[in-house]
Amino acid sequence: MNTPNVAGTAPETAAVVPAAPPAVKTLCANCGVELHGSYCHACGQPVKGMIRPLSSMLSDVADTILNIDSRIFRTLFPLYFRPGFLSNEYFAGRRVRYVTPFRLYFFLSVAAFLLIQVSLDSLDMSKAFHSDAGDKIVAAQTAQEVIAQRDLGLAEIEKARATPGLPAAAIKGMDKATDAIRSKADWRLAHLQSITDAKVKGVAPPPAEEADEGGISLGVSKWDPVANPVHISWLPDAANAKLTKLGVHARDNLKRINKDPKPFVVGIVSMLPQVLFVLMPLFALLLKIFYIFKRRLYMEHLIIALHSHSFIFIWLLLITLAVLAQGTAQERAPWLYPPLDWLIFAMCWWLPIYLFLMQKKVYKQGWFFTTLKFCAIGLCYSIMITLGAAAAFLVSLATT
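Take the sequence shown: its position 197, counted from the start at 1, is 751 in the numbering used here, and no numbers get skipped.
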């Protein structure tokens, strides 16, 4: 119960609460407006700038490029198993729960081609394209020696072919080796006969290097860079000289490619991401042209192209893992080889089926027009990829 104040006594006083210090206002360094977050609402300048610790900058770069969080797991499954789902979700405005199309494209392209290059580094391609029998045939000085070395090489291949459980790829490689030995033997026999005929006629024999090509001639080995250098009238002399030098390098590489094609294959694979990156906007342009009456913006077609290529990259990633697993199973668990073979077969068919269903579900046209446009777009894009791969091969041949 409260008691009244008695005269002459001091009244009770309430406890004094110290006043909170005034909040420090943070102002934008650019326009001076008070900041309420990480960005200025007036001019848009971010609070974070370049003048900060390097570790913070690298963390932001990694987060911007990769940003591997729970969204990656919500994205990869529908990307591979649900054609057109991600594109339709993006167009419907449900974007924050999935990885952005460009980031997904970048991440999967790096992962796929990195795995392919690592798998190529573990392969020894020289044995599949070159044999001692071919070298001995080229070095033979008489027709009898050529025939003997040819028969010996073919017998070795037939002995290896009798090994049980050989995969189809190994049998195909043996067939190619058989054809190469026969072709090289025929070439050497014809060359030796031409030498004999030249001696009878009293003329100079043909050069031996023509026979050393083993019947493979691309017309480059006969090119003389000194007598007939590259000359393009609208290019400066320095550029023509550089092209001539690259041509000589490419000619020399053609002589080495049969013995060990691995450096050239690795060089081509390393350039394919750049080729696909250039072709991807052209693929979006094809979609724009073929679906001109859908009245979609080019950026919508570009989103579809990004998702399509992202699927191709994850398909390459998975099929490379399956092929590597198949090679391991052949040595350690042969019973796994047939199931993996069927899995690879199914994956190969899933690629065109997925792209067709994606085009059908995103553009929502009938089966007839979707099939017609899918075939036409596929033909045009196949030509683009072929030209791009050919360009990559020539660059690899001239620079490797």
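For every residue, glycine included, the Cβ atom is placed at its ideal position computed from N, Cα and C.
**Item:** Nonlocal neighbours in the same chain, by C-beta distance under 6 Å from residue 910, ignoring five residues either side
**Value:** 928
**Asked** Counting pairs of beta carbons, one from the segment 916-934 and one from the segment 815-826, are three or more of them closer than 8 Å?
**Response** no
**Asked** What residue range is occupied by the uninterrupted alpha helix (DSSP H) comprising residue 703?
**Response** 697-715
**Asked** For residue 730, does the count of other Cβ atoms within 10 angstroms reach 16, so buried, or fall short, so exposed?
**Response** When all chains shown are included, residue 730 counts as exposed.
**Request:** Taking all protein chains shown into account, decide if residue 768 is buried (16 or more other Cβ within 10 angstroms of its Cβ) or exposed.
**Result:** Low local confidence applies: a pLDDT of 39 at residue 768 is under 50, so the model's placement there is unreliable, with the coordinate-based value given in what follows. Answer is buried; the Cβ neighbour count reaches 16.
**Message:** Looking at chain C, is there any beta carbon in it that lies within less than 7 Å of the beta carbon of residue 651?
**Reply:** Structure shown: chain C not included; a single protein chain is present.
**Item:** Helix, strand or coil at residue 652 [DSSP, three-state]
**Value:** coil
**Message:** Is it buried or exposed, residue 831, if we count other Cβ atoms within 10 angstroms and call 16 or more buried?
**Reply:** exposed
**Message:** Between which two residues does the alpha helix (DSSP H) holding residue 588 run?
**Reply:** Note, residue 588: premise wrong, no alpha helix (DSSP H); not H, not E.
**Asked** Secondary structure at residue 637, three-state DSSP: helix, strand or coil?
**Response** coil
**Message:** Does the structure place the segment 940-951 close enough to the segment 837-855 that three or more beta carbon pairs sit under 8 Å?
**Reply:** Touching, no, given that fewer than three Cβ pairs across the two stretches are closer than 8 Å.
**DSSP-derived helix/strand/coil call for residue 581** = For residue 581, the three-state secondary structure derived from DSSP is strand.
**Prompt:** Are there 16 or more other CB atoms within 10 angstroms of the CB of residue 860, so buried, or fewer, so exposed?
**Reply:** buried
**Item:** Whether residue 925 touches residue 913 by CB criterion (7 Å)
**Value:** Going by C-beta atoms, residue 925 is not nearer than 7 Å to residue 913.
**Asked** By a C-beta neighbour count over all protein chains shown, 10 Å radius and 16 as the cutoff for buried, is residue 880 buried or exposed?
**Response** buried
**Prompt:** Within 10 angstroms of its Cβ, does residue 782 collect 16 or more other Cβ (buried), or is it exposed?
**Reply:** exposed
**Request:** Give the DSSP bridge partners of residue 600, in chain order.
**Result:** 593
**Straight-line Cα distance separating residue 819 from residue 700** = 32 Å
**Asked** Quick one: is residue 869 buried, meaning 16 or more other Cβ sit within 10 Å of its Cβ, or exposed?
**Response** buried
**residue 782 - DSSP class collapsed to helix/strand/coil** = Taken through DSSP and simplified to helix, strand or coil, residue 782 comes out as coil.
**Request:** Just the C-alpha distance for residue 581 and residue 856, rounded to the nearest angstrom, thanks.
**Result:** Each residue's Cα considered, the two are about 40 Å apart.
**Item:** Continuous alpha helix (DSSP H) stretch holding residue 935: start and end
**Value:** 921-953
**Request:** State yes or no: is the C-beta of residue 917 within less than 7 Å of the C-beta of residue 845?
**Result:** yes
**Candidates 893, 902, 843 and 889: closest to residue 872 by CA position** = 902
**Asked** In whole angstroms, what separates the C-alpha of residue 645 from that of residue 922?
**Response** Each residue's alpha carbon lies about 25 Å from the other.
**Message:** Mapping the DSSP letters down to three states, classify residue 918 as helix, strand or coil.
**Reply:** coil
**Message:** With the cut-off set at 7 Å, would you say residue 821 and residue 950 are in Cβ contact?
**Reply:** yes
**Asked** How is residue 788 classed by DSSP in three states: helix, strand or coil?
**Response** In the structure shown, the three-state DSSP call for residue 788 is coil.
**Item:** Through-space distance from residue 893 to residue 906, alpha-carbon basis
**Value:** 21 Å
**residue 845 (DSSP reduced to helix, strand or coil)** = coil
**Request:** Closer than 6 Å by C-beta to residue 829: which residues in its own chain qualify, once you throw out the five before and the five after it? Chain order, please.
**Result:** 942 and 946
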